[in-house]
């Protein structure tokens, strides 16, 4: 099949224009926002132009279906609260281009998907989690975002597009192209990463409750300050995790909410996010025990109430050997000596889809490893190389 | 003069009903909110009923003026975002009752004030700071609250009540009754605290800026995580301040705002409040140096940008001997052996008024020392004892 690089890049920039914000090529297109819904309506139109049948499930996962059994390509088109133009969008537009090129070449049959809420406004890769059957819609509908809006309420914004359930049995496999979102390929000057496996992730909210009080008249010795509890927990945790982690293990406190969050009041309550990732399920479990024990120790020592939210997350997943080898052969043909096999430190929809069918992934470089930020970018030559590897691998299956 | 305890308590409960919220006797009546403006209109009416002339300055400080030279009594009627029913309100309603009782007794001349924004929506005791001449209205108008609303914008809510400047020269002194907001009187079973001096306060915003990035693909070693910077700063500061503080010194990080505050993103920016209080100006200065040096050290070590907001605060203030002695004699008469001289760990409008005239303060107990919270309360017998001490002291001047 013949990839049309100009057509591919034009679609990528047209999608970027929907929700364009911030500096550089930044976009603000969180799941179910007006910009996200507009982008999905635009994608549906491009799918129809490519001769694909558009179907949308109750979650808002958007499919463009080829006739009969087909290989499924795609990613997601929702963004972080402040995101880049390629995180998810690259995989969706590359899938669209390969489906078009395959159609023009008389085959193979290629379907396209843009999953919903991969960025986790309501959880972790919520759309593909529900589609894969790991989470039922009714339970997911109860999830709320940081502003307290429920998923049930938010997804009404897409009600007009919904056609019904989309049967996974029609797909022979799933391949997702994504930016690396890390520095490895950019540092080594390589163009393609063929993913060996995707690390697992754990994510939960933790709450410390002490005593809200006056910041001038409450002696330090009798305070039950929720921020001090979070700070002590963080310091102890950093020390204790060193004994169990590898250089590729990561853990993050990315969200902190103090109550009442005023400069003259000792904070009575702190809610924060605790997220950790590793390629080894056992290690993720050992980290969870250390996190829970450390939080319990801090709460006990400071006379605070402690509660843990529901544990979200996904197990590490190995890529399908046949699909992965097809990507490796195509990478060597398109970028000889300028590609590598590597794990994915980021979570992807492929992790969920692996419950249903063989999956594989490939990476394009991220300049300076920056992602989940407006500055996220990739050289166009690398974007084109990546879509050519994807097309060549699909043609060879 | 004869204090009417029932009339005093009824007014106190009527004021509480305006903005009543949360549990127990909680109120939500922040400066310039609809509830705050309604409360000031109600107070203006009660002042007129008491034969006082109502005047309101541009800041929204509300005065009820007696004829000719008079002693000024009062406090504030705005509340914390989540406040109690007595913080400020006690001093205003007690002043109103003493003014009424003095009027009925044919003297002395007593005026009443409710200062605006004592709780610092826009700074620190903003209303009395402006009235005392320490801050000009134009500069104060540029201050913004945590939501980004400017004081100039917020005070429009009271524009209809403003009569113009209120001349401090008509007042011979200022006495403020307030709840202790700490555990000392409640623990000792005493009814009255006669304040010796008010501690000084320093308050500033601190900002760390690092690099916002993906929480799965950014190795721990290369992160520039703004929350980690705040946590390390807090731990180092707690250790270092131990060497310069006394048991009555306090320091608080009560407000923390991470950006973008999402669980899957390494926080690129953190803004937090740093507040500290002590009775000794030199110690406040030594603490400031340690705070700035520690923040600079953390920023340098982590490759972060560091910036400090404007330094707000007030110097420690000693109470006027004549007024303080009148309060002490009245306390011994009303609650023999059940009162003490003590410093005020909390900041009060009296600190600002001390620039203009002699000032003194007395405290009523706070049950369990709780304040700046819905649970704040005081036994009615102690409230009545406090207003009787205030009336007796004023009559004796």
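Residue numbers (my numbering), protein chains in the order written: chain F, 184 to 580; chain C, 184 to 580. Glycine included, every Cβ here is placed at the ideal spot set by N, Cα and C. All of these numbers come straight from a predicted model, not from anything done at the bench.
Do the CB positions of residue 249(F) and residue 282(F) come within less than 8 Å of each other?
Yes, they are a contact pair.
So does the stretch 542–550 of chain C actually touch the stretch 351–370 of chain C, counting three or more Cβ pairs closer than 8 Å?
Yes: the two stretches touch, three or more of their Cβ pairs being nearer than 8 Å.
How many angstroms separate the CA atom of residue 216(F) from the CA atom of residue 534(F)?
Those two C-alpha atoms are separated by around 25 Å.
Inter-residue spacing [alpha-carbon to alpha-carbon] between residue 348(F) and residue 389(F)
Distance between residue 348(F) and residue 389(F), taken at the CA atoms: about 35 Å.
Own chain residues within Cβ distance below 8 Å of residue 604(C), not counting five before or after:
Shown here, chain C extends from 184 to 580; a query on residue 604(C) therefore has no answer.
Using a C-beta cutoff of 8 Å, does residue 446(F) count as contacting chain C?
For residue 446(F), the answer is yes, since a Cβ of chain C falls inside 8 Å of its Cβ.
Strictly under 8 Å for the Cβ-Cβ distance: is residue 309(F) near chain C by that measure?
Answer no: the Cβ-Cβ gap between residue 309(F) and chain C never drops below 8 Å.
Since residue 395(F) meets chain C, which of its residues come closer than 8 Å, beta carbon to beta carbon?
265, 555 and 556, listed in chain order.
Is residue 351(C) close to chain F, meaning its C-beta is less than 8 Å from at least one C-beta of that chain?
For residue 351(C), the answer is no, since every Cβ of chain F falls outside 8 Å of its Cβ.
At which residues does the beta strand (DSSP E) containing residue 410(F) begin and terminate?
Here residue 410(F) belongs to no beta strand (DSSP E); instead the alpha helix (DSSP H) covers 409–424.
With distances taken between CB atoms, is the gap from residue 220(C) to residue 230(C) smaller than 8 Å?
Inclusion of residue 220(C) and residue 230(C) in the CB contact set at 8 Å is not warranted, their separation being larger than that value.
Please report the distance separating the alpha-carbon of residue 260(C) from that of residue 516(C).
Looking at the two C-alpha atoms, the distance is approximately 29 Å.
Compile a chain-ordered list of the residues in the stretch 414–428 of chain F whose CB is closer than 7 Å to at least one CB of chain C.
Answer in chain order: 414, 417 and 418.
Select from the stretch 464–485 of chain F all residues with a C-beta closer than 9 Å to any C-beta belonging to chain C, and list them in chain order.
Residues passing the 9 Å Cβ filter: none.
Given a cut-off of 8 Å on the beta-carbon distance, is the pair residue 264(F) and residue 443(C) in contact?
In contact: residue 264(F) and residue 443(C) (Cβ atoms closer than 8 Å).
Within 8 Å of any Cβ in chain F, is that where the Cβ of residue 450(C) sits?
Yes - at least one Cβ of chain F is within 8 Å of the one on residue 450(C).
What residues of chain C sit near residue 454(F), judged by a beta carbon separation below 8 Å?
Chain C residues near residue 454(F): none, gap ~11 Å exceeds 8 Å.
Going by the CB atoms, is the gap between residue 543(F) and residue 575(F) shorter than 8 Å?
Contact: no.
The stretch 400–418 of chain C / the stretch 448–457 of chain C touching (three or more Cβ pairs under 8 Å)
Touching, yes.
Indicate whether residue 572(C) and residue 436(C) have their beta-carbon atoms separated by less than 8 Å.
The criterion of a C-beta distance shorter than 8 Å is not satisfied by residue 572(C) and residue 436(C).
For residue 398(F), which residues in chain C fall below 7 Å Cβ to Cβ?
The answer, in chain order, is 433, 435, 437 and 458.
Quick one: residues in its chain with C-beta nearer than 7 Å to the C-beta of residue 556(C), no 5 flanking neighbours on either side, listed in chain order?
For residue 556(C), same chain residues with a beta-carbon under 7 Å away, outside a window of 5 residues either side, are 265 and 267 in chain order.
Where does residue 493(C) land, buried or exposed, given buried means 16+ other C-beta within 10 angstroms?
Exposed, since its Cβ has fewer than 16 Cβ neighbours within 10 Å.
Whole-angstrom distance between residue 457(C) and residue 439(C), CA atom to CA atom
Going by C-alpha positions, residue 439(C) is about 10 Å away from residue 457(C).
Other residues of its chain near residue 288(C): CB distance less than 6 Å, five sequence neighbours each side excluded
Excluding residues within five positions, the ones whose Cβ falls inside 6 Å are 184.
Taking Cβ positions, are residue 523(F) and residue 477(F) nearer each other than 8 Å?
With contacts defined as CB atoms closer than 8 Å, residue 523(F) and residue 477(F) fail to qualify as a contacting pair.
Among the candidates 404(F), 538(F) and 545(F), whose CA atom is the shortest distance from the CA of residue 584(F)?
The first residue shown for chain F is 184 and the last is 580, placing residue 584(F) beyond what the model contains.
3 or more residues per run - each beta strand (DSSP E) lying fully within the stretch 302–382 of chain C
List check, beta strand (DSSP E) in window: 354–362 and 375–381.
Who are the Cβ neighbours of residue 222(C) in its own chain at under 7 Å, not counting the five residues just before and after it?
Within the same chain, residue 222(C) has close Cβ partners 198, 201, 202, 212 and 260.
Can you name the residues of chain C whose CB is closer than 7 Å to the CB of residue 443(F)?
By Cβ distance, chain C contributes 264 and 265.
When the Cα atoms are used, what is the spatial distance from residue 525(C) to residue 378(C)?
If I take the Cα positions, the gap works out to 5 Å.
Compute the Euclidean distance between the alpha carbons of residue 372(C) and residue 338(F), then round it to the nearest angstrom.
Using only the alpha carbons, I get a separation of about 58 Å.
For residue 564(F), the nearest candidate out of 518(F), 527(F), 404(F) and 553(F) (CA to CA):
The residue with the shortest Cα to Cα distance from residue 564(F) is 518(F).
Could one say the Cβ of residue 529(C) lies closer than 8 Å to chain F's Cβ atoms, at least one of them?
It does: the Cβ of residue 529(C) has a partner Cβ on chain F nearer than 8 Å.
Top-ranked residue by Cα proximity to residue 393(F), from 553(C), 509(C), 462(C) and 345(C)
Nearest option by C-alpha distance: 553(C).
Since residue 544(F) is in the beta strand (DSSP E), which residue starts that stretch and which ends it?
In this chain, the beta strand (DSSP E) harbouring residue 544(F) covers 542–547.
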